[in-house]
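The listed protein sequences derive, respectively, from chains A and B. Each residue of the first sequence is one higher than the one before, starting from 283 at the first, in the numbering used here. Each residue of the second sequence is one higher than the one before, starting from 13 at the first, in the numbering used here. Each remark here refers to the structure printed beneath this line.
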Amino acid sequence: AQSVSQHNHHVILSEAASLELGCNYSYGGTVNLFWYVQYPGQHLQLLLKYFSGDPLVKGIKGFEAEFIKSKFSFNLRKPSVQWSDTAEYFCAVNTGRSYIPTFGRGTSLIVHP
Amino acid sequence: DSGVTQTPKHLITATGQRVTLRCSPRSGDLSVYWYQQSLDQGLQFLIQYYNGEERAKGNILERFSAQQFPDLHSELNLSSLELGDSALYFCASSAGRDNQPQHFGDGTRLSIL
Chain A
283 AQSVSQHNHH VILSEAASLE LGCNYSYGGT VNLFWYVQYP GQHLQLLLKY
333 FSGDPLVKGI KGFEAEFIKS KFSFNLRKPS VQWSDTAEYF CAVNTGRSYI
383 PTFGRGTSLI VHP
Chain B
13 DSGVTQTPKH LITATGQRVT LRCSPRSGDL SVYWYQQSLD QGLQFLIQYY
63 NGEERAKGNI LERFSAQQFP DLHSELNLSS LELGDSALYF CASSAGRDNQ
113 PQHFGDGTRL SIL
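Here it is, written out as structure tokens:
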């Protein structure tokens, strides 16, 4: 079965700093990759997804992620964070064998104004 | 607003008790997914229903059961509750049968005393 690792459990940044959150998965076959965001007290929302094609994926709110197959990674990036980006971020993966995504443990991001 | 409604938002009960969590999917969605989010286990997939039938099963305990009714709302029943069942229980929905959950509810926070 696939698994997802998010190595950064807590990240604290100041506004305007650049962000990169790590995500690695373990599965040798075809994967679909997702990043979700959960703002305080709100439901999970899809930030971006990768199914195929250009490995650099643009999402909402200025986020992007790059799929590097050789590294089994799908890191999330944003060049300049805002206070409103304070949230929990989850990486997830599903495969051709199981469409139910497996989620990472999440990364808590706090952005100081 | 995701369109997915979960009730109640908070539930406090004691060990050994039984509770029922309710979820109404986004209008037009036929699939309902249940997830458990806890500090030690992260976001775990429990079960999926599609148009009234069980479609996929994850890490759901035998003490837990779910069903989806003809009006497509779903209920998750948790019985013989233990302290470790304290968690946030999410419901999600999607239109299709074999795809990932797309719209998430705000969750029910279950606290076992």
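Just so it is clear, CB atoms sit at the ideal spot from N, CA and C, and this is done for glycine as well.
Looking at the C-beta of residue i, does it have a partner C-beta in chain B at a distance below 7 Å?
| i | result |
| --- | --- |
| L396 (chain A) | Here chain A has residues from 283 to 395 only, and residue 396 (chain A) is not among them. |
| P383 (chain A) | yes |
| N290 (chain A) | no |
| N306 (chain A) | no |
| N357 (chain A) | no |
| R387 (chain A) | yes |
In its own chain, which residues sit with a C-beta less than 6 Å from the C-beta of residue i, not counting the 5 before and 5 after it?
| i | result |
| --- | --- |
| S285 (chain A) | S308 |
| S300 (chain A) | P361 |
| A374 (chain A) | F316, P383 and F385 |
| H22 (chain B) | R121 |
| R30 (chain B) | S91 |
| G341 (chain A) | L329 and L330 |
Residue j and residue i - do their beta-carbons sit closer together than 7 Å?
| i | j | result |
| --- | --- | --- |
| P20 (chain B) | S105 (chain B) | no |
| N290 (chain A) | G304 (chain A) | yes |
| L93 (chain B) | F76 (chain B) | no |
| Q48 (chain B) | Q60 (chain B) | no |
So residue i is in the beta strand (DSSP E); what residue range does that whole segment cover?
| i | result |
| --- | --- |
| N111 (chain B) | Here N111 (chain B) belongs to no beta strand (DSSP E), and DSSP marks it neither H nor E. |
| I72 (chain B) | Counting along the chain, I72 (chain B) falls outside any beta strand (DSSP E), and DSSP gives it neither H nor E. |
| I392 (chain A) | T389 to H394 |
| L42 (chain B) | From DSSP, L42 (chain B) is part of no beta strand (DSSP E); its letter is neither H nor E. |
Is residue i buried or exposed, if buried means 16 or more other CB atoms sit within 10 Å of its CB?
| i | result |
| --- | --- |
| R379 (chain A) | exposed |
| W46 (chain B) | buried |
| S131 (chain B) | Past the boundaries of the shown model lies residue 131 (chain B); chain B is included only from 13 to 125, so the question cannot be answered. |
| G323 (chain A) | exposed |
Tell me which same chain residues have a C-beta within less than 7 Å of the C-beta of residue i, skipping the five on either side of it?
| i | result |
| --- | --- |
| G388 (chain A) | Q288, E370, Y371 and F372 |
Any C-beta of chain A sitting closer than 7 Å to the C-beta of residue i?
| i | result |
| --- | --- |
| N111 (chain B) | yes |
| D118 (chain B) | yes |
| A68 (chain B) | yes |
| S39 (chain B) | no |
| G108 (chain B) | no |
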